[in-house]
Structures are given as C-alpha cells and as structure tokens.
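First residue of the sequence shown? That's 1 in full-length UniProt numbering, and the numbers climb one at a time after it. Even glycine gets a Cβ: it sits at the ideal position worked out from N, Cα and C. Fair warning: this is a prediction, and the values are worked out from it, not measured in the lab. Working notes for the structure below.
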Amino acid sequence: MEPSDINTEYSAAARDALKPRKMAANMSSPNGGGLDPFGKLNSDPGLLRHEAESKPEFQHEQDVAKERRIAQMMVDQSSMPMTIHEIRVHGAPNTRRGFLDPLFHPLVAGNADAPSTVGEVMGSLQIANAKLGGLQIYQPNPQVFLQSSQQTDPSTSPNDVDVDIRVRELSRFKLQTGTDVGNGEGSAYGSLLWRNMFGGAEMLSLNARTGTRTRSAYSANLSAPVLSNPDMRISLEGLASAVEKPWASHEEVVKGGSLRYTWLNAQRDTYAVEYSGAWRQITGLVTGASRSVRGDAGDSIKSAIKATFYRERRDNPQLPQSGYMVRSDWELAGIGPLGGDVAFSKTNLEVGGAIPVSLPGVSGRTGISIGGGLRMGILWPMAQGFDIGGKALPSRINDRFQLGGPTDVRGFKLGGLGPHDGQDAVGGDAFAAGSVNMLLPLPYKGPDSGLRFQLFANGGRLVALRDKGKGRESTSGPAGLDAKTVRDGMLSAVGDLVSGVPSMAAGVGLVYAHPVARFELNFSLPLVLRRGEIGTKGLQLGVGINFL
C-alpha cells in the first residue's frame, strides 16, 4: 500500500471514528439543550473579543494601564519649561495688595527661586492657594486659571503663562449668640468676629459670657499673620472674668492680658510662646470656707512666660479611630525680671491615641476602636525675682492642679480628687491620670455616624507637696520654703503618685462628636476612693473639646 493510501485510509478512519462523537455533540448542542465544547471555535472573532473585554479582569488591567499612561504623561509634562509672567487676584477688594505680594511675588519669573517647569509652577500655586485658605478670610478652594502670556503680550516668551486666581471673601462681620450646658454649668454667650480689619487678614474677636458658675467673662483678641504667612501668627488678648469655684467655696476674679506668638512647622505641629500678666483675686468666700481657702484669699499678681507644643495625628480629634496626639506646655512665673508675687515652674504633658479594631469576615472600617490617654503635671515652687537661692513661696490655690470631672477622670465630681480641706478641693502640686475606653457603633447607625457607645475605665492621683517635717501634705505652707524642703517634698509627692492604687472609676455611656465639641453622657461607678475625695455614682454629662 502506498503512503498516500495510508494517509487516505487514516483520514477516512478518523472521520468514521468521529461520526458518533459528532452526532453526540450535535445531540448536546444548544438546540438540543446542551453545551457544544467546540462551538467557540466557529464563533465570530469580534464576539469573542467583546466577551473578553467585558470581563472584570480585563477592565482592571485597562484601568491600571490608563493610570500608568497618565502618570507617565504627567512626569513627562512636569519637566517641560514654564514660567509665570503675571499673577492677578480677583475678588479681594478688601485686601491690601502689599499684603498679598509676599505670597505671589516670589513666583513671578525674574526672582531667584521662581518656578521654571510645569511641575514647579503647579506645586508653587498649590502652596500659595493653601496659604490663602489659611488666612481664614476667603472661601475655600479658590479657582485658578492659566493662559499663555502671548495671547495678551506677543513680546513674552512662549513658556510664559498668566495666572488668574479668583477668590471669594468671607463676610467681614460674624455675630453669634447661644447657650451652653455642660460640666456642671449652664451659660449664655455672645461673640463678634471682625475679619480682615485693615486688609491684612487681621482678626478682632470680642466675647462675652455669663452663666450659673461664670458670673461674667469678657475677652478681646486681636491677631494678625506675620509676614503674610498664615502659619505664623501674633495675637494680643485682654480678659476680665469672675468665676465661682463651688468645689472650693470661693470666687476668682481675674483681670489681665497676654501676648502670644504661634507658628506651625512643615509637619503641621503647633508651637507657641506667650507672656501673660494677671491680677487675681480670691473673693466671695462662702460660709464654712476652709482654712486653706481663707489663707489664700485676697490679691495676687502673676507674671509668666509659657511655651506650648502640640502635635495632632488623629483622624478625628473629637472621635478618634486611629492615630495619636501629644501636647505639652511649660510655664515659668515670677523669676528674674518677670516680677509678681507668685513664683513657680509648672509643666503639663498629655498623650493620647486610638487604634481601630477589625473583625473576622468584615471588610473595611468597623467603627470599633480602643483608645487611651495619659496626663501628668508638676508645679515646682520657686523663689521670687533674682533671689534664686532664697525662700520659695508655697503654691497658691489659683495655680495648683485640679483633677476630677466629666472631661478628665470620669466618675468624680469637679475637683473631686486630691487634697481636700473639709469639703473644699484645694488642689495639688503633682498629678497623673490615665484612661482606656472602647468605642462601639450603634447597630442602626453604622461606622460613619458620630454617635458611639462607650465602655471606659479611668483613674488618677493628685498630691500636694509633702512637708516631711510635719509628716503631712502642705497645701497652705509657711511664708517660705528652703530649697531642700521643696526638693524633698516634691520627691515625696512624686513617690506618692506611683505608690498604691490610684482612685478609679468605670462605666458606660454615649458619645456624640459634634464638629464644635464632644458630648458624653455616662453612667459611672467609682471603684477606689481615698479619704476626702468625692465620687459620682450615676449619670454624668460632659461637654468639651479635650477629653482624657
């Protein structure tokens, strides 16, 4: 048999062998209610391509490729030459041109550090727009338009562009009135804000308040950016207030003022230095006021400098789900040329944060978080004026720390922790307090709501400088303390902070985070109390912006 015959016979045999299979395939074709495995081989190529392109995997690959092309195009375009020929700001009739010049003049071609590429121009304009928003006199997100300078001036370079920035000024006057309830007080307030007073983003704020505990409080604050930079601001403030202190059987009247300089660094951390002077009066003593309160009654003058640092890295300061914060301040009063009749060094430190909690099988945010905070501080009495080695004055009730209440150690009355003389909370010279809480979303609200269910436990200790010679805490000491007495007393006080179990409370409650303040309604149960301390068993309402 010839080879061709073998091939022919093999082909014929193959066709014969395929006949029953083909019949079976035809029997299971779509017309027969089955699936033809060879049907796609005879399909239209366009149909196959459409089917492939409609798959999610293909769409994802196309989106990724598109993003890569756009990113590469932006990289290529950002290095192309571009310079700014002119910048025009529209919609700012109440702002001085000389005030805006430091923001935009460095961007114009011809200056040493002027941007020279597309990327640099876009980045510089973005920074300038952010500074405009930081001035707090314009509506957010100003509009920016670019056009070739040759359209209006043919003598310019092809790389020159004109920039038009359209802003909208905020209302120059803002009047607010309202009422506040919280922290054991109800009050009514009124405020007037005057923006852009002299065309340089100056702000004048006038405030007045009266309430059940604050008999009267008036303040005026004038602030302005330094060198047209919203990240640097100087402010001058005057105040006069009369506040009842029911936890210590007296009223405090304060009249004074302060000068403050505040700035932000590249990481948006806040720094501030401040000088303040105040005339304080302990007056309005109630019947039965303690000996400690009566001993501090009368006038005192405080002249002090203060330095503050604040770092905020929480996703939401009022309802944190992740991140951390650090705040510290140091105050020095009555030393050297400062004068006044009180002298001390006072330091505060606060840290806090939260971490989100994920659940198995739940993707995305759950709204559950575990948070905590720690606060501590120390007040070190010192000698007045230049007499560094002289007698140190014991601290006064005006300057000592108070601890306890719905915004720090929940489950205790305001000033409920620490040294007491009778029913009066007389404060302390050193304290430490901490808390831990879990926030849970309400079932019908979900993780995006500002309402949370809270479980918490917190505690703290507040102690006064201990007079070792008398073997007791000294809250109204002798006329002067030598350096060794102060040092030994403070060491003993700090030792008391870490010895023994702190005063503690636990509870449950509801938390609502409003853009202006945080509201808490908690049911608290004191667990550990020391002699003289006052706890609160039951409901407690807290309103504030800074909770432990």
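Residue environment: residue 80 is assigned as exposed (fewer than 16 neighbouring CB atoms within 10 Å of its CB, all protein chains considered). Between the segment 486-493 and the segment 445-456, the count of C-beta pairs closer than 8 Å stays below three; the two stretches do not touch. Closest in alpha carbon position to residue 286, among 246, 271 and 310, is 246. Excluding its 5 nearest sequence neighbours in each direction, residue 517 has C-beta neighbours in its own chain below 7 Å: 543, 544 and 545, listed in chain order. Considered as a whole, the segment 398-455 harbours no complete run of any alpha helix (DSSP H) with no fewer than 4 residues. If you draw a straight line from the Cα of residue 256 to the Cα of residue 278, it comes to about 4 Å.
Annotated three-state conformation of residue 292 is helix, per DSSP. Here residue 367 is actually not in contact with residue 419; their C-beta atoms are around 41 Å apart, not less than 8 Å. Boundaries of the beta strand (DSSP E) around residue 350: 344-357. Contact check for residue 121 and residue 77: beta-carbon distance about 11 Å, past the 8 Å limit, so the pair fails to qualify. Measuring C-alpha to C-alpha distances from residue 315 to each of 497, 114, 513 and 217 identifies 513 as the nearest. With fewer than 16 other beta carbons inside 10 angstroms of its own, residue 68 counts as exposed. In the DSSP assignment, residue 129 falls within the alpha helix (DSSP H) that extends over 118-134. Ranked by Cα distance from residue 373, the first of 429, 460, 533 and 498 is 460.
By the criterion of a C-beta distance shorter than 8 Å, residue 111 is surrounded in its chain by 105, once the five residues flanking it on both sides are discounted. Excluding its 5 nearest sequence neighbours in each direction, residue 299 has C-beta neighbours in its own chain below 6 Å: 281, listed in chain order. Judged by beta-carbon spacing, residue 412 lies within the 8 Å limit of residue 526, meaning their Cβ atoms are closer than that value.
Residue 87 sits close to residue 107, with the two beta carbons spaced by under 8 Å.
Approximately 18 Å separates the beta-carbon atoms of residue 323 and residue 364; this is outside 8 Å, ruling out the contact.
A straight-line Cα-Cα distance of about 7 Å links residue 131 and residue 229.
Distance from the CA of residue 541 to the CA of residue 249, rounded to the nearest whole angstrom, comes to 22 Å. One Cα belongs to residue 195, the other to residue 133, and the distance between them is close to 14 Å.
Residue 100 and residue 361 have their C-alpha atoms some 54 Å from each other.
In this structure, the straight-line span from the alpha carbon of residue 428 to that of residue 402 is close to 7 Å. Within a 10 Å sphere around the beta-carbon of residue 83 sit 16 or more other beta-carbons, which makes this residue buried. In the three-state scheme derived from DSSP, where H, G and I count as helix and E and B as strand, residue 113 is classed as coil.
Between residue 220 and residue 206, the beta carbon gap of about 5 Å places them in contact (Cβ cut-off 8 Å). The C-beta distance from residue 303 to residue 340 rounds to 4 Å, short enough to fall under 8 Å. In terms of CA proximity to residue 144, 164 leads the group 406, 449 and 164. For residue 266, the closest C-alpha among the options 231, 259 and 253 is that of 231. Residue 321 carries a coil assignment under DSSP once its states are collapsed to helix, strand and coil.
Rounded to whole angstroms, the Cβ separation of residue 375 and residue 505 is 15 Å, and the two are not in contact under 8 Å. Its chain contains 328, 329 and 377 as the residues whose beta carbon lies nearer than 7 Å to that of residue 348, once the 5 sequence neighbours on both sides are disregarded; these appear in chain order. Every unbroken stretch of the alpha helix (DSSP H) spanning 4 or more residues and falling wholly within the segment 477-511 is given here in chain order: 483-498.
Residue 399 places its beta carbon 8 Å or farther from that of residue 290. Annotation for residue 192: 175 and 206 place their beta carbon closer than 6 Å to its own, counting only its chain and skipping 5 residues before and after.
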